[in-house]
Amino acid sequence: MTRATVELCSDLGLFDAWRICNPRTKDFTFFSRPHLSFSRIDFLFVSRSVLDRTRVCSINPCVLSDHSSVSMEVLPPYLDPLSRHWRLNPTLLNDPLFVKYLEDQWELYISKNDLPEVSASTLWEAGKAYLRGSIISYTAAKKKKTLARQLELEQFIATLERDFKQSRAIVVLGKLDAARSALDQLLTQNAQTAIFYAKHRLFDSGNKPGRLLARLAQGINRSYVISSLKDKKKQPAL
1106 MTRATVELCS DLGLFDAWRI CNPRTKDFTF FSRPHLSFSR IDFLFVSRSV
1156 LDRTRVCSIN PCVLSDHSSV SMEVLPPYLD PLSRHWRLNP TLLNDPLFVK
1206 YLEDQWELYI SKNDLPEVSA STLWEAGKAY LRGSIISYTA AKKKKTLARQ
1256 LELEQFIATL ERDFKQSRAI VVLGKLDAAR SALDQLLTQN AQTAIFYAKH
1306 RLFDSGNKPG RLLARLAQGI NRSYVISSLK DKKKQPAL
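Okay, so the sequence shown: first residue is 1106 according to this note's numbering, each after it adds one.
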């Protein structure tokens, strides 16, 4: 880290999350192909108020470019489970397999419950609950399958990356690029859904006084915490 960056972080009260969480670990985030060299030039800087809630910060495999992503886990200040409501993911309607699955589930429900003693209102209200459970089951299975494939590719990329750091073989580099391309396609599909919800959230509440505006207008709350400890030899103790 350059001296200018260190001074800027000191002025703004920011901390290098990865270094604090990994005081004795040596790793890199950038690979220079022309020079075949590694360096750590990608950072996640956090404020004092976020530092005490940071649990994990790690450097991920270099999957999309010559830079490795840096991720961290932060505990929320408070999460009210009652404030969450289920919503249908509209992008599922573009999936022919999902539409066919939904049609089959509805036909199955009607064939079992459309009885003379069941009123139309009861049939409809119970049908909505049944479809919601079916959709949740479908999306959970799809998410689990996608996540398993993503973890498989990430582990494969991590293995190839370690091999390439040791051997610098062109054959290993070719396999690494192919695995990164496959993971890139998978992550792009997930990003499209996230972008859709972000646009919807801003469009729905961007011009209204609410939680979004309050967060944007809220000032920085500084909390004085101990970021790290050092022993008598000036070595990180935590």
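Cβ coordinates follow ideal geometry from the N, Cα and C atoms, glycine included.
Take Leu1236 and list the residues in its own chain whose beta-carbon comes closer than 8 Å to its own, dropping the five residues that flank it on each side. Leu1207, Gln1210, Trp1211 and Tyr1214
For Ser1328, which of helix, strand or coil comes out of DSSP? Here the model assigns Ser1328 a pLDDT of 44, short of 50, so the residue's position is not dependable, and the following value carries that caveat. Note: Ser1328 maps to coil in three-state DSSP.
The beta strand (DSSP E) that contains Arg1160, what's its start and end? Thr1159 to Ile1164
Tell me which same chain residues have a C-beta within less than 7 Å of the C-beta of Leu1278, skipping the five on either side of it? Phe1269
Taking C-alpha atoms, which residue in Asp1121, Arg1158 and Pro1166 lies nearest to Pro1181? Answer by Cα proximity: Arg1158.
Report the rounded CA-to-CA distance for Leu1156 versus Val1204, giving the unit in angstroms. 44 Å
Pro1166 vs Ile1241 beta-carbon contact at 8 Å: no
Reduced DSSP secondary structure (H/G/I, E/B, other) of Lys1338: coil
With DSSP collapsed to three states, give me the class of Glu1222. Glu1222 falls in the coil class under three-state DSSP.
Is any heavy atom in the ligand MN found nearer than 7 Å to the beta carbon of Lys1205? Among the components of this structure there are no ligands whatsoever, and the ligand MN is therefore not found.
Contact set for Glu1178: own chain, Cβ-Cβ below 7 Å, skip 5 residues either direction: Arg1160 and Val1161
Integer-rounded CB distance, given that Ile1146 should sit under 8 Å from Thr1134: 6 Å
When burial is assigned at 16 or more other CB atoms within 10 Å of the CB, is Trp1229 buried or exposed? exposed
Which one of Leu1198, His1140, Leu1291 and Ala1283 has the shortest CA to CA distance from Arg1254? Answer by Cα proximity: Leu1291.
Would you mind sorting Glu1168 into buried or exposed? The rule is 16 or more other CB atoms within 10 Å of its CB. The residue asked about is misnamed: residue 1168 is Val in this sequence, not Glu. Burial call: buried.
Tell me whether Ser1148 sits in a helix, a strand or coil according to DSSP, three-state version. A small fix is needed here, since residue 1148 is Phe in this sequence, not Ser. Reduced to three states, the DSSP call for Phe1148 is coil.
Can you list, in chain order, the residues of its chain with a C-beta nearer than 6 Å to that of Asp1121? Leave out the 5 residues immediately preceding and following it. Phe1148
According to DSSP, residues forming a beta bridge with His1172: Phe1135
Exposure of Glu1222, with buried meaning 16 or more beta-carbon neighbours within 10 Å: exposed
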